[in-house]
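Colleague: Got a structure here, written out as structure tokens. Questions coming.
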Amino acid sequence: MQPAFEEAFLAADVALIGPVFRPEVVSEEARLSPPELARALRERGRPAYAFSEVEEIVSALDEMLVPGDVVVVLSNGDFGGLQEKLIRKLRERGAQKTL
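What follows is the structure in structure tokens.
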């Protein structure tokens, strides 16, 4: 499964990879390893980072995003509220720039 993720993420300009949700329900040999996936992508020339917490992803995106960037979130659930947290953070950033 990991090679399929690697190929899919190569199309991204940057890949930020979060923790695996409920890893205990997948056998260890079949489980995705975010740090390994990020390493493999970097070895192929793609900037990639693995995070253990959603808040870390929000902070990283807040630092790197510029107007016009597009963020695509791929998840099998609500990803710990990532989308809402990121929107809130970016709105706060926009409000601070207009003050």
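Numbering (numbering that gives the first Met the number 0) for the sequence shown: 0 to 98.
For each residue, glycine too, the CB sits at the ideal point set by N, CA and C.
1) Tell me, please, whether the stretch 47–57 touches the stretch 28–39 by the rule of three or more beta-carbon pairs shorter than 8 Å.
2) Sort out for me which residues DSSP pairs Ala49 with in a bridge.
3) Going straight from the alpha carbon of Met63 to that of Glu55, what length do you get?
4) So, helix, strand or coil for Met63, using DSSP?
5) For Ala10, which three-state DSSP category applies?
6) Using three-state DSSP, classify Ala37 as helix, strand or coil.
7) What would DSSP say about Ser100, mapped onto helix, strand or coil?
8) So, is Glu27 buried or exposed, given that buried needs 16 or more other C-beta atoms within 10 angstroms?
9) Below 7 Å CB to CB, which residues in the same chain sit around Leu31 once its five sequence neighbours on both sides are set aside?
Modeller: Once the coordinates are examined:
1) yes
2) The residue labelled residue 49 in the question sits at position 50 within the sequence shown. DSSP output for Ala49 lists Ile16 as bridge partner(s).
3) Here residue 63 refers to the residue found at position 64 of the sequence shown. Here residue 55 refers to the residue found at position 56 of the sequence shown. If I take the Cα positions, the gap works out to 12 Å.
4) Here residue 63 is taken as the residue at index 64 of the sequence shown, counted from 1. Reduced to three states, the DSSP call for Met63 is helix.
5) Within the sequence shown, numbered from 1, the residue matching residue 10 stands at position 11. The answer is coil: DSSP assigns Ala10 none of H, G, I, E or B.
6) Position 38 of the sequence shown, counted from the first residue, corresponds to residue 37. Ala37 falls in the helix class under three-state DSSP.
7) Within the shown structure, residues of the chain are numbered from 0 to 98, placing residue 100 beyond reach of any answer.
8) The sequence position of residue 27 within the sequence shown is 28, counting from 1. Exposed, because fewer than 16 other Cβ atoms sit within 10 Å of the Cβ of Glu27.
9) As a position in the sequence shown, residue 31 is number 32, starting the count at 1. Met0, Gln1, Phe4 and Val19.
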